[in-house]
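> Quick one: the structure is below, and I'll ask about it shortly.
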Amino acid sequence: MLTTKGSFACTLDPLKNFWQKLRVPFCPGASVLAASHNLVCVGNQVSECRSLIVYNLSCGTWKLLPNMMHVGLLHKVTMAVDPLSDSYVIVVTGEDTSRIRGWRSYWLQTEVYDSISGSWRMAGDALPDAKFGSDPGVWHNGSFYCITEMPYGITAFNLAKGQWAELSVEMPYGISQPALVSLKGKLMMIGIQQYDVGGMAYSKDTNSKPSETEVTENWFKTQLQLSRSWSWSGPWQRKVSLSLRSMFPTWWDTSQRPLSSISKLPFLSFMAMPRSLSTSFLSLASEAPPSSISPPMQSSQKKHIKIWIMSREKYWLPTGEMPEDLCTKFLSNLTSRAPFVCAGVGGEICLTSYQSPNVLMWDMKSIRWRYAERDPLFPKFRDTHLLGFTIHMDSPCNP
């Protein structure tokens, strides 16, 4: 984790829980845009920028890169270091400011800088509908993954092919402020989900408040999505069965619809569901009272911070959740203009926000949360906040 102010920077070592002071090159109007191993990439992402600086944090050497070929207004910047070949690449996606276009349209071009050749090359253009959000993105298995703006989706840049592609993966329902991390060779995502007390997930940031009919429909869609995501045997089947069992009683008091009629709803087909899931529904139906049930009642909503992992079948599987007390305190510092930022470092996920000095750590092995040491530059001396790289003091110094 890196925070900067002018020519000063602090990096957090999660293992030692210690902040180390470093120096970075100070350029008026510029900030740290990307980092990998010992190197950081410095440039201006607010106004026109034609060149970038690469700086080595461990020994203080720096290099001014040649001007980019076409990109003049940066939208996305990332870098990756290959320690075996002592080389690095920088990928930028942005607008060609020399071309005059309508104020409602823009064309994103992609360029790649290779430290071995010392030059830029053009790559495939970003997808026309790809509007990159604040998520910095992550490198995973030779590709750069990032989240696009609402409706949220995922695009990936394959470095070897030099092409962008859209991933055919459904985002968790009701998610807001999603961010990607790469941890122990796994592509993971952390985000906020908002639930009502009946178990229905939705978010005020992404969707309007649903009607009672939409709540019922979307709730069953959620269960169907889970059926396609999880292996429906053993503990997972029992977990969902118990979840349904705990939710059905809240519907019985104000019954409006027979449970037997649920299978006739157009959005729910038992024929398309795994047999074990269908059995779970039918077993619950047989235990329900002979009267009828009503859709879950909407009441107060709760926000949860959850962690998902990408399966081989390209589904997001829930793998962790922040405890309620920590979540409430952490969310109190978030705003629409100051979302949280996160990244994977070693075997942990670092999670913090621009308006908080606190850093929360989630350990993938122990599945536990803990607080790290407070950011020493917060609140008056911090203007840049970047996460997710490792400093190797024995790495070569040439940027």
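1 is the number of the first residue of the sequence shown in the working numbering; add one for each residue after it.
Each residue gets a CB set at the ideal place from its N, CA and C atoms; glycine is no exception.
If you're wondering where the values come from, they're calculated on a predicted model, not measured in any experiment.
If we call anything under 8 angstroms between Cβ atoms a contact, is residue 93 one with residue 75?
Going by C-beta atoms, residue 93 is nearer than 8 angstroms to residue 75.
> Go to residue 327, then tell me how far its alpha helix (DSSP H) extends in each direction, as first and last residue.
That run of the alpha helix (DSSP H) goes 324-331.
> What are the partner residues of residue 113, as DSSP defines its beta bridges?
In the DSSP output, where bridge partners are listed per residue, residue 113 has 90 and 120.
> Label residue 21 either buried or exposed according to how many other C-beta atoms from any shown protein chain fall within 10 Å of its C-beta, with 16 as the threshold for buried.
Classification for residue 21: exposed.
> How many whole angstroms separate the CB atoms of residue 137 and residue 97, which I take to be in contact at a CB cut-off of 8 angstroms?
The pair is not a contact, with the Cβ atoms about 23 angstroms apart (cut-off 8 angstroms).
> Could you name each continuous beta strand (DSSP E) segment of 3 residues or more that falls completely within the region 6-45, going from the start of the chain to the end?
Taking only runs of at least 3 residues, the beta strand (DSSP E) segments lying wholly in the region 6-45 are 8-13, 18-23, 31-36 and 39-43.
> Does DSSP put residue 365 in a helix, in a strand, or in coil?
Coil.
> Is there contact here, the region 144-163 with the region 344-362, by at least three beta-carbon pairs under 8 angstroms?
No: fewer than three Cβ pairs fall under 8 angstroms.
> What are the boundary residues of the beta strand (DSSP E) that residue 164 is part of?
It spans 163-166 - the beta strand (DSSP E) in which residue 164 sits, taken as one unbroken run.
> Indicate the three-state DSSP secondary structure (helix, strand or coil) for residue 344 in the structure shown.
Residue 344: strand per DSSP, three-state reduction.
> Measure the alpha-carbon distance for residue 37 versus residue 55 and round it to whole angstroms.
Each residue's Cα considered, the two are about 11 angstroms apart.
> At the level of alpha carbons, what is the spacing between residue 49 and residue 66?
Cα to Cα, residue 49 sits roughly 12 angstroms from residue 66.
> Using DSSP with H/G/I as helix, E/B as strand and the rest coil, what is residue 80?
Note: residue 80 maps to strand in three-state DSSP.
> My output table needs one value for residue 355: the three-state DSSP class, helix, strand or coil.
Coil.
> Can you look up residue 426 in the DSSP assignment and give me helix, strand or coil?
For the chain, the structure presents residues 1 to 399; residue 426 sits outside this window and is missing.
> Which residues does DSSP list as the beta-bridge partners of residue 318?
According to DSSP, which records beta bridges pairwise, residue 318 is partnered with 308.
> Give the secondary structure of residue 75 by DSSP, where H, G and I count as helix, E and B as strand, and everything else as coil.
The answer is strand: DSSP assigns residue 75 an E or B state.
> To the nearest angstrom, how far is it from the Cα of residue 172 to the Cα of residue 59?
Near 43 angstroms, if we compare the C-alpha coordinates of residue 59 and residue 172.
> Using DSSP with H/G/I as helix, E/B as strand and the rest coil, what is residue 277?
Any answer about residue 277 is weak, because its pLDDT of 44 lies below 50 and its placement is not dependable; what the coordinates show is given next. Residue state, collapsed to three classes: helix.
> Would you call residue 69 buried or exposed, if buried means 16 or more other Cβ atoms sit within 10 Å of its Cβ?
Its Cβ having fewer than 16 others within 10 Å, residue 69 is exposed.
> Roughly how many angstroms separate the alpha carbons of residue 193 and residue 341, rounded to a whole number?
The alpha-carbon atoms of residue 193 and residue 341 are separated by roughly 16 angstroms.
> Counting only the same chain and skipping the five closest in sequence on each side, list residues whose C-beta sits under 7 angstroms from that of residue 400.
With the chain running from 1 to 399 in the structure shown, residue 400 is simply not present.
> Who are the Cβ neighbours of residue 120 in its own chain at under 6 angstroms, not counting the five residues just before and after it?
Counting only Cβ-Cβ distances below 6 angstroms, and skipping sequence neighbours, we find 68, 69, 111 and 113.
> Put residue 249 into one of helix, strand or coil per three-state DSSP.
Interpretation of residue 249 is limited by its pLDDT of 46, a score under 50 that renders its predicted location unreliable; no figure is taken from the coordinates.
> Taking the alpha carbon of residue 378 as the point to measure from, which residue in 45, 353 and 369 has its own alpha carbon closest?
Among 45, 353 and 369, the Cα nearest to that of residue 378 is on 353.
> Hey, residue 365 and residue 344: beta-carbon distance below 8 angstroms or not?
No. Outside cutoff.
> In chain order, which continuous runs of the beta strand (DSSP E) of length 3 or greater are located wholly inside the region 130-166?
Correct list: 138-140, 143-148, 153-158 and 163-166.
> So what does DSSP say about residue 374, is it helix, strand or coil?
Coil.
> Who are the near neighbours of residue 189 in its chain, counting only those whose CB is closer than 6 angstroms to its CB and skipping five residues on each side?
So the list reads 178, 180 and 308, once near-sequence residues are dropped.
> Counting only the same chain and skipping the five closest in sequence on each side, list residues whose C-beta sits under 7 angstroms from that of residue 64.
Taken in chain order, the residues that qualify are 51 and 53.
> Classify residue 46: buried if its beta carbon has 16 or more other beta carbons within 10 angstroms, exposed otherwise.
Exposed, since its Cβ has fewer than 16 Cβ neighbours within 10 Å.
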